[in-house]
Every structure is written in C-alpha cells, then in structure tokens.
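Which chain is which? The protein sequence lines are A and B, in order.
Mapping of the first sequence onto the working numbering: position 74 corresponds to residue 341, and the numbering continues sequentially without gaps.
Mapping of the second sequence onto the working numbering: position 33 corresponds to residue 150, and the numbering continues sequentially without gaps.
C-beta atoms are modelled at their ideal positions from N, C-alpha and C, and glycine is treated no differently.
Being a predicted model, the structure only gives us computed values, none of them experimental.
I have placed the structure first, in the form of structure tokens, so that the comments after it can refer back to it.
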Amino acid sequence: MEVLYEEEYRQIQEIVERLCRDANSKAVLLIDKNGQEIASSGEIENIDTTSLSSLTAGNVAATGGIARLLAEKEFTGQFHEGEHTNVHISIVAQRVILLVLFDQRTSLGLVRLRVKKASKDIQDILDAMSAKEHQQARPSIFEEITDEDIDNLFNDD
Amino acid sequence: MSFINYSSREINCKIVYYGPGLCGKTTNLQFIYQKTSPDARGKMVSLATETERTLFFDFLPLSMGDVHGFKARFHLYTVPGQVFYDASRKLILKGVDGVVFVADSQVERMEANMESLDNLRENLEEQGYNLDALPYVVQYNKQDLPNAAPMEELSKVLNPTKVPEFSAVATTGDGVFGTLKAVAKLVMMDLRKRK
C-alpha cells in the first residue's frame, strides 16, 4: 500500500510546479509506476491525465521489459517528438515517473537540466518518507473504515 | 499496489481481468463503461490490434462512491489473452490489488482456461504474489451459448479454492457488475486488514 500524506504531497507539488516553470514546459506530471497520478502542474485542463498516467506507466513498464531482455538495467529516459508537443519521460528513484510535456518555447536541453534537479529533490522526499514510515506508524484511514462502511459502498442502489 | 492520497482524499486500487484469448475481458470493461454515468468514470483506453484483439491492455478508471470522505477509485485493466503476449501480461500484473479470472464457458475452451489460470498463478508468483492470498473472483462467461459447460463442472476444475464465482454473459451485461462489485469489495476488505 502506497500512502501519500498532505505534508509530502505539498512538497512534491511544489517541486512539480517549479519544474514546470523553470523548464518553461507546458505541463508536468508525476506518476507512480502503477499508473496513478501523484501530482501535476501546468496546462492540464484539456488533458485526460488519468489515461495519460496509465499509458505512460504502461510505456515505461514495456520499455523496462525491453531493457531486461537486452540485459540492460533500465532505460532511464525517453523522448518523443511531436509536431506541437514533445514528451520527456524519466524514472525517479526507480519508483516514480516524471513526465514533461513541452513545445518550441523551450528546449530538450533545458528540460533535461531541470528534470535532473527536480528528480534529486523528489528522491530526497521519497527517501525521507520511507525513513519516516519506518520510525513511526501514522494513522490510517482504514482504522476508521468498518466492514459495514465497505458493505454500504457496494450495496445495490 | 493501492495508492492512498490523503491530499486528494482518494483510495486508488488496481483490478486486473485475466483469462484466455476471446473469453470476454474487454467486453466486461466495455459493458461497465457503457452503463456507468460519465461523472463516475474516465475514458476507456484500448490498446488493440486492427482486428480489435487486445495488444497491450484496456484501461478504465472508475469511481465507486465515498467511504469516510475518501473517494474509492478503481483502475480496471485487462491483459491480452493470446498465449504469445505473455511478456505484456506480466507487466500488467505489477501492482495488482485484485484479480478477476474470466473463463470462457464453451466446452472446447476448457483447456485454454486451464492454461490461462496456470499462467496467471505463475506470473503472479514471479512478481511475489500468491493467487490464494489475493482478492480474487472467477467469472464463467458466455453461459448463454449452447456449447457452454454447466457452472458446477467449470467450478470443479477452475475454482478449486472456492473463491466467489459468477455466471455471466458479458455481451448483455449479465453478471458483469456482480463480478466487479465482488472483487472491489474484497480489495477494500483486504486493505482494511492490512491497514
């Protein structure tokens, strides 16, 4: 079970926003390897970020599969060039995926540079999260949820 | 792997529909998509070949209501059923929270069902999961066909551990939501147990 609490969410959201700004990109998404969106920033109103997250994770998983077949540890980055939008995909700390959408307002070089810095910052937060998890058990929403609540959720309407 | 986001107040879980080629996994998702109100579901994504066979996966995000102020969201995936897509199937099982095994009830597909079920067990084990410990239900699809084996016979072979099982006709939607609700409930119960 992966759990993201508000404090870490705010820190991660800040990094994602900063990356989007500093790289002059259209949008940035942070996605877990199973395809769940963690945070996003930029021009995402017209993008189906749920599908984008799932497809990106599928893409990364398939690329990881190819790497293993070729006895490579991992391909850490991917770049797709489009007519209007380019996509930069990278894996952070082997756990999460950073997706940057950008256009001619910036360059691949700048995106790569800013992604590198943001990846380091995200990794630090993830490491701190894991350390915290080991030190103290934090309250779980599932302590409040009863069997009856779950029954009610699936009752026929 | 489930993902609980305290900031957006969401519980996200992943359910995978598994089964032999042409058993009706995609049809299950298509029916759910058609019958769910647009505000409770996202777009259905299908990565399929030109002949509409699943190439990588189908994906359907679904909201199933609120529990204690948290949105229960389920991401439904299907795997490609054809034998030679095994590498893709393994990838899709990563981080799974619950499994639906869709069996093709036609007598002549029994061997394909058994092979797929063995393959499910093996692929899960490779990722460190044990099917017997996972939230898991079985659906016997195509029960309307004249050559469908009776449920009792299918159950004997395909459901020796007696997990919840459902008769279904996915093209008309019979048993589709029953199956989904059962596995989603098992997933939530399992999360509660592991809190």
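Fill in: Of the listed residues B:Asp214, B:Pro137, B:Pro267, B:Asn145, nearest to Asn129 of chain B (C-alpha basis)
B:Asp214
Worksheet item: Would you report the Cα separation of Tyr272 of chain A and Pro197 of chain B, rounded to the nearest angstrom?
Response: So the alpha carbons of these two residues sit roughly 35 Å apart.
Worksheet entry | Contacts around Ala324 of chain A, its chain only, beta-carbon distance under 7 Å, and the 5 residues preceding and following it disregarded | Ile298, Lys300, Asn301, Gly302, Ile364
Fill in: Own chain residues within Cβ distance below 7 Å of Glu312 of chain A, not counting five before or after
none
Discussion item. Between His192 of chain B and Phe176 of chain B, how many whole angstroms is the CB-CB distance? I'm expecting something under 8 Å.
Written reply: Indeed, because the Cβ distance is near 7 Å, the residues count as touching under 8 Å.
Fill in: Contact set between the stretch 382-409 of chain A and chain B, restricted to residues whose Cβ is under 9 Å from the partner
Ser407, Ile408, Phe409
Discussion item. The beta strand (DSSP E) that contains Ile358 of chain A, what's its start and end?
Written reply: 353-359
Practice prompt. Answer yes or no: does any C-beta atom of chain A fall closer than 8 Å to that of Val217 of chain B?
Written response: no
Worksheet item: How is the alpha helix (DSSP H) around Ala157 of chain B delimited, first residue to last?
Response: Element bounds for Ala157 of chain B: n/a, residue is neither H nor E.
Fill in: Uninterrupted alpha helix (DSSP H) stretches inside the stretch 209-241 of chain B (no shorter than 4 residues)
Correct list: empty.
Worksheet item: Phe346 of chain A CB to nearest chain B CB: under 8 Å?
Response: So, not an interface residue.
Worksheet item: Closest by CA to Lys188 of chain B, which one among B:Gly159, B:Ile121, B:Ala165?
Response: For the residues B:Gly159, B:Ile121, B:Ala165, the minimum Cα distance to Lys188 of chain B belongs to B:Ile121.
Worksheet item: Under three-state DSSP, which class holds Ala265 of chain B?
Response: strand
Practice prompt. Determine which residues of the stretch 271-292 of chain A have a Cβ less than 7 Å from any Cβ of chain B, and write them out in chain order.
Written response: Residues passing the 7 Å Cβ filter: Leu271, Tyr272, Glu273, Tyr276.
Fill in: Amino acids of chain A, ordered along the chain, whose beta-carbon sits closer than 8 Å to that of Val162 of chain B
Ser318, Ser321, Leu322
Worksheet item: Quick one: is Val293 of chain B near chain A, going by C-beta distance under 8 Å?
Response: no
Fill in: Interface residues of the stretch 180-211 of chain B facing chain A [CB-CB below 7 Å]
Met181, Gly182, Val184, His185, Phe187, Ala189, His192, Ala204, Leu208, Lys211
Practice prompt. Take Ala304 of chain A as the anchor and find which of A:Leu420, A:Leu336, A:Ala290, A:Ser320 has the nearest alpha-carbon.
Written response: Checking the sequence shown, residue 304 of chain A turns out to be Glu, not Ala. Cα-wise, what sits closest to Glu304 of chain A is A:Ser320.
Discussion item. Measuring only the C-alpha atoms, how far is Phe294 of chain B from Gly331 of chain A?
Written reply: 34 Å
Worksheet item: Can you name, in chain order, every residue of its own chain whose Cβ lies under 8 Å from the Cβ of Met231 of chain B, other than the five neighbours on each side?
Response: Excluding sequence neighbours, Met231 of chain B sits near Val274, Leu275.
Item to complete: Please specify which runs of the beta strand (DSSP E), each continuous and at least 3 residues long, are wholly inside the stretch 292-343 of chain A, giving them in chain order.
Response: 294-299, 304-309
Discussion item. Pairs of beta-carbons, one from the stretch 252-259 of chain B and one from the stretch 278-290 of chain B, closer than 8 Å: are there three or more?
Written reply: yes
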